[in-house]
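All remarks here apply to the structure that follows.
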Amino acid sequence: MRETRSTCAYCGVGCGVIIESRGGQVTGVRGDPDHPANFGRLCTKGSTLHLTAAPAITRQARLLQPMRREHRGEKPRPVSWDQALDFATETFAQVIRDHGPDSVGFYVSGQLLTEDYYVFNKLAKGLIGTNNIDTNSRLCMSSAVAGYKLTLGADAPPSCYEDVDHASCLFIAGSNAAWAHPVLFRRVEEAKARRPDMKVIVCDPRRTDTAELADLVLPLQPGTDVMLFNGLLHIMLWEGWTRPDWISRHTTGFDELKALVRECTPEVVAQVCGLAKEDLFTAAKWFATSEATLSLYCQGLNQSTSGTAKNAALINLHLATGQIGRPGAGPFSLTGQPNAMGGREVGGLANLLSAHRDLANPQHRAEVAALWGVPSVPEKPGKTAVEMFQAAADGEIRALWIACTNPAQSMPDQATVRRALQRAEFVVVQEAFATTATCEWADLLLPATTWGEKDGTVTNSERRISRVRPAVRAPGEARHDWAIVVDFARRLEARVPPPQPSPRGGGSNTVDDVALPPSPPGGGSGWGHAPDPNAARGPTLFPYPTPESIWLEHRDSTRGRDLDITGLTYPLLEQSPQQWPFPAGASQGKPRLYEDAVFPTPDGKARFVATKYKPVAEPRESRYPFSLTTGRLRDQWHGMSRTGTLPRLFGHVAEPSVQMHPQDMERRQLKDGDLVHLTSKRGSIVVPVQASSDIGLSQAFMAMHWGEEFLSGCSSTGTRLAGVNAITTSAYCPQSKQPELKHAAVKIIKAELG
Ligand code: SF4
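Going by the UniProt record's numbering, the first residue of the sequence shown is number 1, and it counts up by one from there.
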């Protein structure tokens with residue numbers, strides 16, 4: 001038997017695993033006792049990873065060879081890799097030649113490895129010359145990014161898992177960590193068992209399993225978090241629980257915030273948030289006066305039209321009370337996906353560049369252009385997730401490349417997403433699994449490797465970089481994501497005039513060449529040029545024989561940045577996962593940031609952000625009287641392409657349902673199991689209803705995991721729609737562009753099915 005150390009493929013806790021394999025097959029998995037994220041523990045999902053790699057499941061669920069669909073709606077037929085990539089190259093080149101670089105878009109995933117992300121980003125921004133690359137991480141953590149940058153000056157979670165062991169107060173907001181981050185939550189449970197005097201406060205409209213551990217539960221009305229946090233600050237000021245000395249030495253902007261929260265009296269906050277005044281006082285006191293307060297927060301804050309404001313308002317509380325930069329104290333945003341952090345690090349989003357640089361910053365664009373050896377990086381902001389699919393639905397984006405994600409199920413407002421997939425002239429889906437809804441829309445399917453086969457790195461919520469290593473060879477003709485991108489990029493390079501020498505890196509095509517190639521009569525050169533099999537590739541922007549060679553370029557791009565990892569190597573990461581920053585000469589990474597209270601802002605001070613509470617984008621009203629929230633289940637992951645293959649993971653929750661308060665059900669003469677129409681302004685689905693007193697009155701909850709194969713759906717146009725996202729809204733936070741998946745106004749009516 002062979003053993004291979006790697007990392008779990010699911011959530012942002014980033015647990016280390018040891019994969020057992022025999023005869024080229026994965027035979028088992030166990031927690032890595034030496035990995036600092038989990039010390040040998042795994043949750044139900046992680047501990048069944050090996051079963052999802054069983055040959056029978058691979059045969060049924062995996063995409064095993066490139067496939068091309070001549071016409072939409074037809075069955076795709078197998079093609080060779082050369083045929084597939086030449087077809088992709090010709091089509092992309094033609095679209096770019098005819099309509100410009102911004103007529104294509106790349107939609108990638110927080111489940112890609114850092115190396116995959118890096119080359120996708122370079123392909124779009126460096127070679128093609130478009131910033132139209134975004135990721136499903138936009139749906140889970142872009143508000144946290146914006147919140148950190150606005151307040152602390154950098155996208156860097158300042159805390160670490162060990163802080164759970166030092167905290168005397170845990171403030172858990174918008175996070176059902178018991179289900180979404182189970183191994184980290186086990187650490188919370190142990191800390192509470194060891195130190196029962198540690199206060200645990202849970203803010204969530206639903207009473208989740210996480211709340212079972214709480215000393216104080218704040219079941220606030222959906223979307224009212226900013227009012228709650230501003231109100232807690234009001235109380236802290238009134239009671240003298242803030243730290244004026246610390247505030248004046250280490251922050252700016254407090255006077256403006258003080259003026260703003262003056263009106264957030266306990267009476268107002270209690271009324272808006274639906275909370276008891278005495279609970280507000282208790283929460284404010286514990287947060288401010290505990291020796292060390294650690295906040296853990298996630299999608300309940302992020303997936304909101306006020307996502308950035310919610311993040312900033314919570315960080316304001318840490319700054320006002322000096323609860324940051326000490327063991328057990330700090331605002332700690334949890335990432336949903338295994339490598340949402342890595343995507344941020346390489347700048348794999350429409351508004352970011354490598355090593356936490358900003359696209360909007362001309363100096364940063366020039367630095368990245370120099371690193372890549374291209375004359376410039378385009379200035380025009382790219383389309384973020386919702387904008388990208390809207391642009392495709394409007395005919396502005398004509399070719400879409402989707403990798404390792406399933407927008408035909410996971411994006412909000414599915415009617416628009418499906419219009420986009422329908423209207424796009426060319427859709428490439430690069431995927432490990434053949435079963436996702438998005439595969440149905442692909443003109444070209446490219447089989448990718450997945451967990452147990454991949455090689456590279458990921459970064460977890462506490463800034464810890466871990467190696468992902470292959471235990472077995474990929475099945476069929478599946479290729480690594482980075483290798484597919486590099487092969488495609490080199491073919492695309494071959495369609496533009498010879499690259500110019502550049503001062504750094506490989507040779508380069510100029511961005512202008514790429515954007516505006518000459519097109520002689522007959523289309524003999526430039527974009528759309530038929531491939532010349534004899535053409536020497538010559539210098540390339542993509543000179544990568546291995547994932548390590550990509551990672552080394554990424555590593556060099558971090559020199560002098562807040563996430564400097566120039567002291568790391570693959571061999572060092574193989575010995576032990578490490579946290580960033582880890583600059584050259586360091587002997588270890590930093591578990592905790594801002595211990596000196598110096599922040600990465602121009603004046604070294606953290607910034608208070610004064611933001612007024614704004615209600616949700618779509619408040620409930622007489623025609624749509626329920627607030628629908630969505631979320632995860634303990635044993636399922638995203639669209640179930642992997643977890644859905646294991647019957648045992650349905651033992652916890654067997655089928656989809658919408659949960660309602662028993663009194664609301666009684667008023668509507670509904671009983672458990674009745675089918676209801678769950679309807680918003682965007683569409684309608686039919687699901688069983690289930691009573692739950694964990695849900696507030698006039699609220700409803702539905703898990704995000706199920707798709708159309710489990711739900712019957714229809715819209716006003718008669719189109720079949722998928723899962724709960726047939727009815728969610730794509731309204732998004734103006735700063736982070738993260739959509740409000742946590743709230744939609746809906747009506748719930750008993751289905752009369754004939
Ligand atoms: Fe995997 Fe997350 Fe479970 Fe750890 S807690 S085993 S990373 S799903």
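Backbone N, C-alpha and C define an ideal beta-carbon position, used for all residues, glycine too.
Just so it is clear, the structure is predicted and the values come from calculations on it, not from any experiment.
### Query
Which residue from ILE727, GLU595 and GLN735 puts its Cα closest to that of HIS250?
GLU595
### Task
Kindly indicate which residue of LEU314, ASN361 and CYS404 has the alpha-carbon position closest to the one of GLN337.
CYS404
### Task
Confirm the yes/no value for this check: CB of PRO182, any heavy atom of the ligand SF4, distance under 6 Å.
yes
### Task
Check LYS192 in the structure and name its three-state DSSP category.
helix
### Query
Ordered along the chain, which non-local residues of its own chain (more than five positions away) have a Cβ less than 6 Å from that of SER306?
VAL226 and LYS614
### Query
Does the Cβ-Cβ distance between LEU628 and VAL458 come in under 7 Å?
no
### Query
So is GLY240 buried or exposed if we call it buried at 16+ other beta carbons inside 10 Å?
exposed
### Query
Under a CB-based cut-off of 7 Å, is ALA654 close to chain B?
The structure shown contains no chain B, having only a single protein chain.
### Query
Mind checking whether LYS45 and TRP637 have CB atoms under 7 Å apart?
yes
### Bridge-paired residues (DSSP) for THR7
GLY16
#### Entry: Beta-carbon spacing of GLU20, GLY14 below 7 Å
no
### Task
Measure the alpha-carbon distance for GLY231 versus HIS661 and round it to whole angstroms.
28 Å
### Message
Could you give the first and the last residue of the continuous beta strand (DSSP E) run that contains LYS199?
### Response
199-203
### Message
Along the chain, where does the beta strand (DSSP E) containing PHE626 start, and where does it finish?
### Response
626-631
### Message
Suppose contacts are defined by Cβ-Cβ distances below 7 Å. Is GLN409 in contact with GLY723 by that definition?
### Response
yes
#### Entry: Residue environment, GLY105, which counts as buried when at least 16 other CB atoms sit within 10 Å
buried
### Query
In or out: LYS122 buried (at least 16 other Cβ within 10 Å) or exposed?
buried
### Query
Opposite LYS750 in the DSSP bridges: which residues?
VAL676
#### Entry: Runs of beta strand (DSSP E) wholly within the region 443-483 (minimum 3 residues, chain order)
444-447, 456-459 and 464-468
### Task
With ALA173 as the anchor, note down where its beta strand (DSSP E) starts and where it stops.
169-173
### Query
Taking the Cβ atom as the reference point for each residue, do PHE426 and SER641 lie within a distance shorter than 7 Å?
no
### Task
Determine the burial state of LYS75: buried for a count of at least 16 other Cβ atoms within 10 Å of its Cβ, exposed for fewer.
exposed
### Query
CA-CA distance, ARG357 and TYR107?
20 Å
### Task
Spell out a yes or no on whether the region 445-460 and the region 546-554 are touching, meaning 3 or more CB-CB pairs, one atom from each, closer than 8 Å.
yes
### For PRO55, three-class secondary structure by DSSP
helix
### Query
Which class does MET141 belong to by DSSP, given the choice of helix, strand or coil?
coil
### Task
Please report the Cβ distance between LEU150 and VAL616, rounded to the nearest whole angstrom; I am assuming they are in contact, meaning their Cβ atoms lie under 8 Å.
Not confirmed; about 21 Å, so no contact.
### Message
With three or more beta-carbon pairs closer than 8 Å as the criterion, would you say the region 296-304 touches the region 598-608?
### Response
no
### Message
I need the boundaries of the alpha helix (DSSP H) containing ALA700, first residue and last residue.
### Response
ALA700 -> not in any alpha helix (DSSP H); beta strand (DSSP E) instead, spanning 699-703.
### Query
In three-state DSSP terms, what is GLU431?
strand
### Message
Looking at GLY330: is its Cβ nearer than 7 Å to the Cβ of GLY174?
### Response
no
### Query
DSSP on PHE254, reduced to helix/strand/coil?
helix
### Task
Would you mind working out which of ARG398, GLU440 and GLU379 sits nearest PRO407, comparing C-alpha positions?
GLU440
### Assumed close pair ALA84, LEU421 - CB separation to whole angstroms, cut-off 8 Å
No, ALA84 and LEU421 are not in contact; Cβ-Cβ is about 19 Å, not under 8 Å.
### Query
Can GLN65 and GLY476 be called in contact, C-beta distance under 7 Å?
yes
### Task
Less than 8 Å between the CB atoms is what I'm expecting for HIS181 and LEU334, so what's the real figure, rounded?
6 Å
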